[in-house]
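Undergrad: This is the structure I have questions about; it appears just below.
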């Protein structure tokens, strides 16, 4: 058995335990939102509540929660779970109808389900239990996951510290003639060397005019003098994601590139300066956007300021002009203003920030000073 397989087998066969404090928080939110039962099915949320990490693929994984305290984990025998504390186990095989077990457990009336629960399971449940009224029920878990506890905050700090190292190494390896695709592959390799847990084909490495596309897919374009280089790199470390963007310049920088860069940096710093408990995230977005608008580049900042980050790379809260979310201690989200000039170049600078009791802690420490690499 390969070492990675051994590690996985050991992880999924250990005793799992309901995280009672987290589950209680979710149940209180369920009550306030008017429903008494829900099925939690996302890998990240099941892990958050039980410590069990399973990516079920086509198989069924679900945690049933009822505000009367009933908790049942439904899973396939292949997941290796044999013992659980604080919850009942309902184990099925590939020959069983797993939804039938759920149908015997849920009560009539409203049933919250994860927003991404596969329709093949939901439709089967509706067939077996027509008196059950499914509703999107992700909000109670999403709300709980927004505010990280101290253990999670430490995990986010550790992941971002790795990201700082990976960023420094990849910038140090930039060479003329290298392609975007080659550099993206190097980012992946360096993350694996530092404990990265997932291969992400989505690493963003953008040279020159390609940087004007915020989600440009790396291609075979080669690095040339005068290119801006946008590096948006991310990976889970210890289950928690890091995500950071830096923009550097190869060999030379034009006055326009310098002006755009300093504008984006000022927008990044302005947004981070206003983050504190009680501030609306739409006002954080406004602080960054105003800097860019006053510099004359408003139409070229084409996306929201950021997104929540944790067990998922993109999760609530939304950090945007339309977001009514209120900053609270323990929230982690990105601050990533950008300016994208079609046919010319792009600049983005992104940090993850942790809301503290008095302000915010910037989790990324790699320099934001303008760099012209030789």
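Numbering (this note's numbering), first residue to last: 3 to 376. C-beta atoms are modelled at their ideal positions from N, C-alpha and C, and glycine is treated no differently. None of the values given here were measured: they were computed from a predicted structure.
Within the region 284-315, note down every full beta strand (DSSP E) run reaching 3 residues or more, in order along the chain.
TA: Taking only runs of at least 3 residues, the beta strand (DSSP E) segments lying wholly in the region 284-315 are 308-310.
Undergrad: Classify residue 59 as buried or exposed, calling it buried when 16 or more other Cβ atoms lie within 10 Å of its own Cβ.
TA: Residue 59 comes out exposed.
Undergrad: If you draw a straight line from the C-alpha of residue 274 to the C-alpha of residue 114, how long is it?
TA: Distance between the alpha carbons of residue 274 and residue 114 is about 36 Å.
Undergrad: Apply the 10 Å Cβ neighbour rule to residue 257 and answer buried if 16 or more other Cβ atoms are within range, or exposed otherwise.
TA: So residue 257 ends up on the exposed side.
Undergrad: Starting from residue 174, trace the alpha helix (DSSP H) both ways and give me its first and last residue.
TA: Looking at the DSSP string, the run of the alpha helix (DSSP H) that includes residue 174 is 152-175.
Undergrad: Give me the Cα-Cα distance between residue 4 and residue 204, rounded to the nearest whole angstrom.
TA: Interpretation of residue 4 is limited by its pLDDT of 36, a score under 50 that renders its predicted location unreliable; the figure taken from the coordinates is listed afterwards. C-alpha separation (whole angstroms): 26 Å.
Undergrad: Measure how close the beta-carbons of residue 294 and residue 323 come, nearest whole angstrom, since I'm counting them as under 8 Å.
TA: 12 Å between Cβ atoms; not a contact.
Undergrad: Does the Cβ of residue 338 have 16 or more other Cβ atoms within 10 Å, making it buried, or fewer, making it exposed?
TA: Under this definition residue 338 is a buried residue.
Undergrad: Within 10 angstroms of its Cβ, does residue 150 collect 16 or more other Cβ (buried), or is it exposed?
TA: Label assigned to residue 150: buried.
Undergrad: May I ask you to report which of helix, strand or coil DSSP gives residue 262?
TA: Three-state DSSP puts residue 262 in a helix.
Undergrad: Does the distance from the C-beta atom of residue 103 to that of residue 76 stay below 8 Å?
TA: For residue 103 and residue 76, yes; Cβs fall inside 8 Å.
Undergrad: What do you reckon, are the CB atoms on residue 146 and residue 31 nearer than 8 Å?
TA: Taking 8 Å as the Cβ cut-off, residue 146 and residue 31 qualify as a contacting pair.
Undergrad: For residue 240 versus residue 163, is the C-beta spacing smaller than 8 Å?
TA: Result no, Cβ atoms of residue 240 and residue 163 do not sit closer than 8 Å.
Undergrad: For the alpha helix (DSSP H) that contains residue 50, what are its first and last residues?
TA: It spans 45-52 - the alpha helix (DSSP H) in which residue 50 sits, taken as one unbroken run.
Undergrad: By Cβ distance, which residues of its chain are closer than 8 Å to residue 222, with the 5 residues on each side in sequence left out?
TA: So the list reads 181, 182 and 183, once near-sequence residues are dropped.
Undergrad: How many Å lie between residue 358 and residue 315 at the Cα?
TA: The straight-line gap from Cα to Cα measures roughly 20 Å.
Undergrad: Just tell me which of 345, 197, 289 and 193 has its CA closest to the CA of residue 380.
TA: Because residue 380 is not part of the residues shown, which for the chain are 3 to 376, the question remains open.
Undergrad: According to the neighbour-count rule (16 or more other Cβ atoms, all chains shown, within 10 Å of its Cβ), is residue 301 buried or exposed?
TA: With fewer than 16 other Cβ atoms within 10 Å, it is exposed.
Undergrad: Under 8 Å, do residue 161 and residue 130 count as touching if we go by C-beta distance?
TA: Not in contact: residue 161 and residue 130 (Cβ atoms no closer than 8 Å).
Undergrad: With a threshold of 16 other CB atoms inside 10 Å of the CB of residue 238, please say whether the residue is buried or exposed.
TA: Its Cβ being crowded by 16 or more others within 10 Å, residue 238 is buried.
Undergrad: With C-beta atoms as the reference, is residue 374 less than 8 Å away from residue 255?
TA: Result yes, Cβ atoms of residue 374 and residue 255 sit closer than 8 Å.
Undergrad: Note down, in chain order, each residue of its chain lying with its Cβ closer than 7 Å to the Cβ of residue 326, except the 5 sequence neighbours on either side.
TA: The residues are 282 and 284.
Undergrad: Throw me the rounded Cβ distance for the residue 310 and residue 148 pair, which I believe falls under 8 Å.
TA: Going by Cβ atoms, the distance from residue 310 to residue 148 rounds to 6 Å, so yes, they are a contact pair.
Undergrad: Is it buried or exposed, residue 371, if we count other Cβ atoms within 10 angstroms and call 16 or more buried?
TA: When all chains shown are included, residue 371 counts as exposed.
Undergrad: Report all residues from its chain with a CB closer than 7 Å to the CB of residue 319; omit the five preceding and five following residues, and keep chain order.
TA: The answer, listed in chain order, is 148, 283, 310, 325, 327, 333 and 335.
Undergrad: Round the Cβ separation of residue 40 and residue 198 to the nearest angstrom and send it over; I've been treating them as touching at under 8 Å.
TA: Incorrect: roughly 32 Å between the Cβ atoms, too far for contact.
Undergrad: In whole angstroms, give me the CA-to-CA distance for residue 69 and residue 172.
TA: In a straight line, the C-alpha of residue 69 is about 49 Å away from that of residue 172.
Undergrad: Using a threshold of 8 Å, state whether the C-beta atoms of residue 107 and residue 143 are closer than that.
TA: No, they are not a contact pair.
Undergrad: Please classify residue 98: is it buried, with 16 or more other beta-carbons within 10 angstroms of its beta-carbon, or exposed?
TA: Classification of residue 98: exposed, given that the 10 Å Cβ count is below 16.
Undergrad: Nearest CA to the CA of residue 276: which residue from 351, 196, 207 and 362?
TA: Selected option, being the one with the closest Cα: 362.
Undergrad: For residue 232, which residues in the same chain have their Cβ closer than 6 Å to its Cβ, ignoring the five residues on either side in sequence?
TA: Cβ within range, chain order: 208, 213, 249, 348 and 350.
Undergrad: Give the DSSP-derived three-state secondary structure of residue 223 in the structure shown.
TA: Of the three classes helix, strand and coil, the one that applies to residue 223 here is coil, per DSSP.
Undergrad: Within the continuous beta strand (DSSP E) that includes residue 104, where are the two ends?
TA: Residue 104 -> not in any beta strand (DSSP E); alpha helix (DSSP H) instead, spanning 100-107.
Undergrad: In the structure shown, what three-state DSSP assignment does residue 193 receive?
TA: Helix, per DSSP.
Undergrad: Compute the beta-carbon to beta-carbon distance between residue 289 and residue 272, rounded to the nearest angstrom, for a pair I have assumed lies under 8 Å.
TA: With 8 Å as the limit, residue 289 and residue 272 qualify as a contact, their Cβ atoms being about 5 Å apart.
Undergrad: Starting from residue 130, trace the alpha helix (DSSP H) both ways and give me its first and last residue.
TA: Residues 121-130.
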